[in-house]
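Asks: Each residue of the sequence shown is one higher than the last, beginning at 1 in the UniProt record's numbering. All C-beta atoms, glycine included, are put in the ideal place defined by N, C-alpha and C. The structure follows.
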Amino acid sequence: MSENPRVRDRPSVLTPAELATAAVMSSFSVALSVVAMVVPLATALQIVAAVPMAVVAQRHRTRALVSAAVAGTLVAFVAAGTTTAITVATSALLGGMVGRAKRRGHGLLSVLGTASIVGPALGLLTVLVLWILTPLRTLFLRTIENTIEGVARLMSRTDVLVSTADVVRSSVGAVIDNWWWWILGTMSISIIGAALFTWLILGAVLDRLATIPVVDHLPSGGDGEIGPLPIRLHDIRFRYDGAHVDALHAIDLTIDYGEFVAVVGHNGSGKSTLARILAGRTPTSGTVERPGIAGLGQVGGTAVVLQRPESQILGSRVADDVVWGLAPDADTDVEAILTEVGLAGMGPRETASLSGGEMQRLAVAAALARRPALLIADEATSMVDADGRASLVALLAGLPKRHRMSVVLVTHQESETTAADRVVHLDGGRQVEHTPGWMRARYLDDTTTFRAGAPLLNLSDVEHTYNRRTPWSQKALNGLDLTVRQGDGILVLGGNGSGKSTLAWILAGLTTPSTGTAMFDGSPISRDVGAVGLAFQHSRLQLQRRTVSEDIEAAGGPEVGSAHVAYAMDAVGLDRILAGRDIDSLSGGQMRRVVIAGLIVNKPRILVLDEPLAGLDPPGRTEIIGVLGTLRHRGIAIVVISHDVDGMDRVCDRTIVLGGGRIVSDESRRGVSS
1 MSENPRVRDR PSVLTPAELA TAAVMSSFSV ALSVVAMVVP LATALQIVAA VPMAVVAQRH
61 RTRALVSAAV AGTLVAFVAA GTTTAITVAT SALLGGMVGR AKRRGHGLLS VLGTASIVGP
121 ALGLLTVLVL WILTPLRTLF LRTIENTIEG VARLMSRTDV LVSTADVVRS SVGAVIDNWW
181 WWILGTMSIS IIGAALFTWL ILGAVLDRLA TIPVVDHLPS GGDGEIGPLP IRLHDIRFRY
241 DGAHVDALHA IDLTIDYGEF VAVVGHNGSG KSTLARILAG RTPTSGTVER PGIAGLGQVG
301 GTAVVLQRPE SQILGSRVAD DVVWGLAPDA DTDVEAILTE VGLAGMGPRE TASLSGGEMQ
361 RLAVAAALAR RPALLIADEA TSMVDADGRA SLVALLAGLP KRHRMSVVLV THQESETTAA
421 DRVVHLDGGR QVEHTPGWMR ARYLDDTTTF RAGAPLLNLS DVEHTYNRRT PWSQKALNGL
481 DLTVRQGDGI LVLGGNGSGK STLAWILAGL TTPSTGTAMF DGSPISRDVG AVGLAFQHSR
541 LQLQRRTVSE DIEAAGGPEV GSAHVAYAMD AVGLDRILAG RDIDSLSGGQ MRRVVIAGLI
601 VNKPRILVLD EPLAGLDPPG RTEIIGVLGT LRHRGIAIVV ISHDVDGMDR VCDRTIVLGG
661 GRIVSDESRR GVSS
């Protein structure tokens, strides 16, 4: 079967992306509608509930919106009754009108025109229903009569409104006698007014979301016989929409059964793009030859294990996750699969209790349950410590020897290529000759001396318990004492559940400890959020604007201008020419530096970084370590929370190990001047 780039007809059924978006957004709309009904003073959320529906209408076909509306309305009716169901349906109607207009490039007049048609139509439908259902009409009219009478009574309590109250009372008869005209008029005016208000409220939100590209990176590949192997790529070229250069250029590659192939290259070299082509994405040009379709996620097809295992885990228990999505009658030996990946006996365990390495093994197990012919592990080892990486690579390398399949490992770790049958080396989207030792990192000189100054942040007898005073309470920190000084470099280590993340949030003032104190310059750090900058593990989630300069400015607030942006970019070693670059076009290391630039534009005295080296190749690691060293020399205290310690001793001269919410080790090395 030969595949050439071509324009395909859009399927009549919902695509996976449309189905997933409709499901998530309708659930979000239902949740907002329920909150609006049960929480006092939260009625405004009824308008906000239209946002998810508008997103569906803006980014997908009308049938996706209809699916979201029907599903959301039914769920709301079952969960919270008729009123909430009507709210969800109304949200879908209003959001659909605005989102559809935005998608087609229409303006406010188009929305009002649609509303002027929909409003009377709904009014006529309501009149017809009430005309047929006499008991319902009687109840409805009595409710209207009582409501008007109640309003009149409230008005009559104020002397200046007594005459107005009499007019309101006298209108009851006219409304009841001409109820059909009253319903038709109020429905029409209400829909038009609500559409206008929704446009004004949602317009800016949808304009912002429109800058995010709608790309189904891994399509199912269509109908047909599944046959991902053997696969032959000939003269493959791929260019992303809006890009000026190819992500892949003139790629020739053949993969047959029984192979363990490593794909290596710097961040941004095209490794993940090649993985998507292998998984079924259509290239811009060139030929993909395989016996059948890629069959992504299907039994006997192609399976993908990604960098973040938590994004692939859906089951609440380990055993449930292995068979998630398989047919109910599928013959799957769950325990045998778990044993093969090193999770023997862990079927009943909650997936939330697994470590990062165990989650990644579970993702491999779920892939094996589908008996794939091709397994693609895209940077699957980057979030695992050194020991975990070695065992995970050994597991992947052994799969083609035990099963009729092949494994493609995308990595930037040279050590992970030793078990590969062959190595595909990419550089700038092209295949190049692979030379061992190409990724050696060059770090700062070990003799670098930093100077620690006066104490800045002091944690005294800090304890923190989640869900305190409930049966589900869980203690994260217990009796912790820690002082961070100006210019400090502290590396915090610890296993899963040791309290590292909780400590980071307390240091940044985002979490107030249950007991004990966290004082910054003599006052609680929770009162001075921003004085300590916090960089998350996944940088992309912290970047909220379209371009580099916009994101740094937004992070700094309204007082930050171009001069401040230039200062921050210089401080983290980013070329100023990148200021106008789109965030999604940056490499992983560049994204990390943009996050740090957004933090230091506020001139914090302490930076807390969660896994700053995760997912970076050695050159990227060297860049970040160099940035952190420069910031330390400027007097900023650096607190790094990581399991990846390679190279961090060039920045951090103090290592703290957490265990069970306590500090079990606190060691300093030479090279610091106090």
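Going by beta-carbon coordinates alone, are Ala637 and Gln486 separated by less than 8 Å?
Replies: For the purposes of this step, residue 637 is taken as residue 637 along the sequence shown, with counting starting at 1. For the purposes of this step, residue 486 is taken as residue 486 along the sequence shown, with counting starting at 1. Cβ atoms of Ala637 and Gln486: closer than 8 Å.
Asks: Per the DSSP calculation, Ser116 is bridged to which residue(s)?
Replies: In the sequence shown, the residue the question calls residue 116 occupies position 116. DSSP, once it has assigned bridges, lists no residue as partnering Ser116.
Asks: Could you check if Thr411 is buried or exposed, using at least 16 other CB atoms within 10 Å of its CB as the buried criterion?
Replies: Position 411 of the sequence shown, counting from 1, holds the residue named residue 411. Buried: at least 16 other Cβ atoms inside 10 Å.
Asks: Using three-state DSSP, classify Lys475 as helix, strand or coil.
Replies: To locate residue 475, count along the sequence shown from 1; it is residue 475. Of the three classes helix, strand and coil, the one that applies to Lys475 here is strand, per DSSP.
Asks: What residues match up with Pro455 in a beta bridge as DSSP calls it?
Replies: As a position in the sequence shown, residue 455 is number 455, starting the count at 1. Per DSSP, Arg485.
Asks: Please confirm whether Val608 and Leu507 have their CB atoms less than 8 Å apart.
Replies: Numbered from its first residue, the sequence shown carries residue 608 at position 608. Numbered from its first residue, the sequence shown carries residue 507 at position 507. Yes; because the gap between Cβ atoms is below 8 Å, this pair is in contact.
Asks: To which residues of the same chain is Ala579 closer than 6 Å at the C-beta, ignoring the five residues directly before and after it?
Replies: Translated into the one-based positions of the sequence shown, residue 579 becomes position 579. Once the five neighbours on either side are set aside, the close Cβ partners of Ala579 are Val548 and Ser549.
Asks: Under 8 Å between the Cβ atoms of Val532 and Pro604?
Replies: On the sequence shown, position 532 is the one that residue 532 refers to. On the sequence shown, position 604 is the one that residue 604 refers to. Yes, the pair counts as a contact, with Cβ atoms nearer than the cut-off.
Asks: Suppose you measure from the CA of Arg239 to the CA of Ser91; what does that come to, to the nearest Å?
Replies: Numbered from 1 along the sequence shown, position 239 holds the residue referred to as residue 239. Numbered from 1 along the sequence shown, position 91 holds the residue referred to as residue 91. Roughly 38 Å between the two C-alpha positions.
Asks: Ordered along the chain, which non-local residues of its own chain (more than five positions away) have a Cβ less than 7 Å from that of Gly295?
Replies: Counting from 1 along the sequence shown, the entry for residue 295 is found at position 295. These residues qualify, in order along the chain: Gly221, Ile226, Pro228, Gly301 and Thr302.
Asks: Where do the N-terminal and C-terminal ends of the alpha helix (DSSP H) with Arg103 fall, by residue?
Replies: Taking the first residue of the sequence shown as position 1, residue 103 is located at position 103. Its alpha helix (DSSP H) spans residues Thr82 to Arg103.
Asks: Tell me which residues share the same chain as Ser665 and place their Cβ nearer than 6 Å to its Cβ, disregarding the 5 neighbours each side in the sequence.
Replies: Taking the first residue of the sequence shown as 1, we reach residue 665 at position 665. Result list for Ser665: Val657, in chain order.
Asks: Using 8 Å as the threshold, is the C-beta distance between Ile192 and Leu233 below it?
Replies: Position 192 of the sequence shown, counted from the start, is the residue given in the question as residue 192. Position 233 of the sequence shown, counted from the start, is the residue given in the question as residue 233. For Ile192 and Leu233, no; Cβs fall outside 8 Å.
Asks: Which residue wins for smallest C-alpha separation from Val299, given the options Phe197, Leu74, Ala367 and Leu541?
Replies: As a working note, residue 299 is residue 299 in the sequence shown. It is Ala367.
Asks: For Glu416, which residues from the same chain have a beta carbon less than 6 Å from its beta carbon, with the 5 sequence-adjacent residues on both sides left out?
Replies: In the sequence shown, counting from the first residue as 1, residue 416 sits at position 416. Only Val393 meet the Cβ criterion.
Asks: Are the beta-carbon atoms belonging to Thr655 and Leu457 less than 8 Å from one another?
Replies: In the sequence shown, residue 655 corresponds to position 655, counting from 1. In the sequence shown, residue 457 corresponds to position 457, counting from 1. No. Outside cutoff.
Asks: For a test of the three-state rule: what should DSSP assign to Ala441, helix, strand or coil?
Replies: On the sequence shown, residue 441 is found 441 positions in, with the first residue counted as 1. Its pLDDT being 49, under 50, Ala441 is placed unreliably in this model, and the value from its coordinates should be taken loosely. Coil at Ala441, not helix or strand.
Asks: Pick out whichever of Arg546, Ile596 and Met591 has its Cα sitting closest to the Cα of Tyr567.
Replies: Within the sequence shown, numbered from 1, the residue matching residue 567 stands at position 567. The option with the nearest alpha carbon to Tyr567 is Ile596.
Asks: Helix or strand or just coil, what does DSSP make of Ala20?
Replies: If you number the sequence shown from 1, residue 20 lands on position 20. Helix at Ala20.
Asks: Tell me whether Ser27 sits in a helix, a strand or coil according to DSSP, three-state version.
Replies: As a working note, residue 27 is residue 27 in the sequence shown. Note: Ser27 maps to helix in three-state DSSP.
Asks: Rounding to the nearest angstrom, what Cα-Cα distance links Gly357 and Gly495 in this structure?
Replies: Indexing the sequence shown from 1 puts residue 357 at position 357. Indexing the sequence shown from 1 puts residue 495 at position 495. Cα to Cα, the separation comes out at about 11 Å.
Asks: Kindly indicate which three-state DSSP category Arg276 falls into: helix, strand or coil?
Replies: Within the sequence shown, the letter at position 276 stands for residue 276. Helix.
Asks: Would you grab the beta carbon distance between Leu326 and Thr332 for me? Rounded to a whole angstrom, and I think it's under 8 Å.
Replies: Looking up residue 326 in the sequence shown gives position 326. Looking up residue 332 in the sequence shown gives position 332. Their Cβ separation, rounded to whole angstroms, is 6 Å, which keeps Leu326 and Thr332 in contact under 8 Å.
Asks: If you draw a straight line from the C-alpha of Asp570 to the C-alpha of Arg576, how long is it?
Replies: Looking up residue 570 in the sequence shown gives position 570. Looking up residue 576 in the sequence shown gives position 576. Between Asp570 and Arg576, the C-alpha separation is close to 7 Å.
Asks: Shortest alpha-carbon distance to Asn467 belongs to which of Asp488, Ser514, Gly509 and Thr84?
Replies: For the purposes of this step, residue 467 is identified with residue 467 of the sequence shown, where counting begins at 1. Ranking Asp488, Ser514, Gly509 and Thr84 by Cα distance to Asn467 puts Ser514 first.
Asks: Would the beta-carbon of Met25 fall within 8 Å of that of Ala68?
Replies: One-based indexing of the sequence shown puts residue 25 at position 25. One-based indexing of the sequence shown puts residue 68 at position 68. Yes, the Cβ-Cβ distance between Met25 and Ala68 is below 8 Å.
Asks: Under 7 Å from any heavy atom of the ligand NAD, does the C-beta of Leu196 make it?
Replies: As for the ligand NAD, it is missing from this structure, which has no ligand bound.
Asks: Which residues bound the alpha helix (DSSP H) around Gly598?
Replies: Locating residue 598 in the sequence shown gives position 598, where the first residue counts as 1. Per DSSP, Gly598 belongs to the alpha helix (DSSP H) from Gly588 to Ile600.
Asks: Just confirm the distance between the C-beta atoms of Leu83 and Val56, as a whole number of angstroms; I'd bet it's less than 8 Å.
Replies: On the sequence shown, position 83 is the one that residue 83 refers to. On the sequence shown, position 56 is the one that residue 56 refers to. A small fix is needed here, since residue 83 is Thr in this sequence, not Leu. The pair is not a contact, with the Cβ atoms about 23 Å apart (cut-off 8 Å).
Asks: Give the single residue among Ile189, Ile144 and Gly270 whose Cα lies nearest to the Cα of Ser171.
Replies: Residue 171 sits at position 171 when you count from the first residue of the sequence shown. Minimum Cα distance to Ser171 is reached at Ile144.
Asks: Going straight from the alpha carbon of Phe197 to that of Ser116, what length do you get?
Replies: For the purposes of this step, residue 197 is identified with residue 197 of the sequence shown, where counting begins at 1. For the purposes of this step, residue 116 is identified with residue 116 of the sequence shown, where counting begins at 1. Rounded to whole angstroms, Phe197 to Ser116 spans 14 Å at the Cα level.
Asks: Kindly give me the distance between the Cβ atoms of Ser498 and Gly660, rounded to whole angstroms, as I take these residues to be in contact under 8 Å.
Replies: For the purposes of this step, residue 498 is taken as the residue at position 498 of the sequence shown. For the purposes of this step, residue 660 is taken as the residue at position 660 of the sequence shown. Right, their Cβ atoms sit about 7 Å apart.
Asks: Buried or exposed, going by whether 16 or more other CB atoms sit within 10 Å of the CB of Arg404?
Replies: Counting from 1 along the sequence shown, the entry for residue 404 is found at position 404. With fewer than 16 other Cβ atoms within 10 Å, it is exposed.
Asks: Just mark Pro348 as buried or exposed, buried being the case when its beta carbon has 16 or more other beta carbons within 10 Å.
Replies: Here residue 348 is taken as the residue at index 348 of the sequence shown, counted from 1. Flag for Pro348 reads exposed.
Asks: Report the partner residues of Phe260 according to the DSSP bridge assignment.
Replies: As a first step, residue 260 is located in the sequence shown; it is residue number 260 there, counting from the start. Paired residue(s): Val407.
Asks: Let me know if Asn178 comes out buried or exposed under the rule of 16 or more other beta-carbons within 10 Å of its beta-carbon.
Replies: Within the sequence shown, numbered from 1, the residue matching residue 178 stands at position 178. Its Cβ having fewer than 16 others within 10 Å, Asn178 is exposed.
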